[in-house]
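Residue numbers (the numbering used here): 103 to 275.
Below, the structure is given as structure tokens:
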């Protein structure tokens, strides 16, 4: 039976900014970072290893759907990441091209500024990259993201630059 596999990636933006203060400003040539700058958690599948690390290894079957989304360690409050591409770079073609998807769905939010309860139900837009698992094998892909930091005079988010790292997916027959 096909399933949806959700992958949440959290980027340690404080460390990325400190270690890569002058990243690429070209979205087609992002700056590469190591696997120790991001942490991946997957649900909806069996994890082989690496849950909560930058080296997530999980099982998928042909017909499954993979959804990927990202945030900063501050929940995009102080620094923000915006996932903007997930192109294949090595191995077999096990995933269809990742496509940007947006869905509006009811969700739960805090009931008031003073207390989270009772909660309110509101419509919210959810977005992520989504691909179908189309074949067995192993594929390496890039997780490309833009990193925004706050301007110290205006407090508004400004683009610092573009980054990527390269996770792998393995698909059984």
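The beta carbon of each residue, even a glycine, is placed where N, CA and C say it ideally should be.
Asked: Can you find the residues in the same chain that come closer than 6 Å, C-beta to C-beta, to residue 122, ignoring five residues on each side of it along the sequence?; Found: 133
Asked: Do you know how far the Cα of residue 168 is from the Cα of residue 107?; Found: 5 Å
Asked: Measuring CB to CB, does residue 274 end up less than 8 Å from residue 238?; Found: yes
Asked: If you draw a straight line from the alpha carbon of residue 176 to that of residue 136, how long is it in whole angstroms?; Found: 20 Å
Asked: Is residue 139 closer than 8 Å to residue 114 when the C-beta atoms are compared?; Found: yes
Asked: Per DSSP, what are the beta-bridge partners of residue 195 in this structure?; Found: Residue 195 pairs with nothing; no bridge assigned.
Asked: For residue 162, which residues in the same chain have their Cβ closer than 7 Å to its Cβ, ignoring the five residues on either side in sequence?; Found: 107, 147, 168, 235, 271 and 273
Asked: Using only CA atoms, which one of 224, 249, 206 and 173 lies nearest to residue 214?; Found: 224
Asked: Using the rule of at least 16 other Cβ atoms within 10 Å of the residue's Cβ for burial, across every protein chain shown, is residue 219 buried or exposed?; Found: exposed
Asked: May I ask which residues mark the beginning and end of the alpha helix (DSSP H) holding residue 120?; Found: 115-121
Asked: State the Cα-Cα distance for the pair residue 159 and residue 141, rounded to the nearest angstrom.; Found: 12 Å
Asked: For residue 118, which residues from the same chain have a beta carbon less than 7 Å from its beta carbon, with the 5 sequence-adjacent residues on both sides left out?; Found: 135, 139, 249 and 265
Asked: Assuming residue 196 contacts residue 241 under a Cβ cut-off of 8 Å, what Cβ separation, rounded to an integer in Å, is found between them?; Found: 4 Å
Asked: Taking the alpha-carbon of residue 205 as reference, which of 198, 230, 124 and 153 has the nearest alpha-carbon?; Found: 230
Asked: Where does the unbroken beta strand (DSSP E) through residue 255 begin, and where does it stop?; Found: Where residue 255 is concerned, there is no enclosing beta strand (DSSP E), given that its DSSP letter is neither H nor E.
Asked: Using three-state DSSP, classify residue 138 as helix, strand or coil.; Found: helix
Asked: Could you pull the DSSP bridge partners for residue 108 from this structure?; Found: 145 and 169
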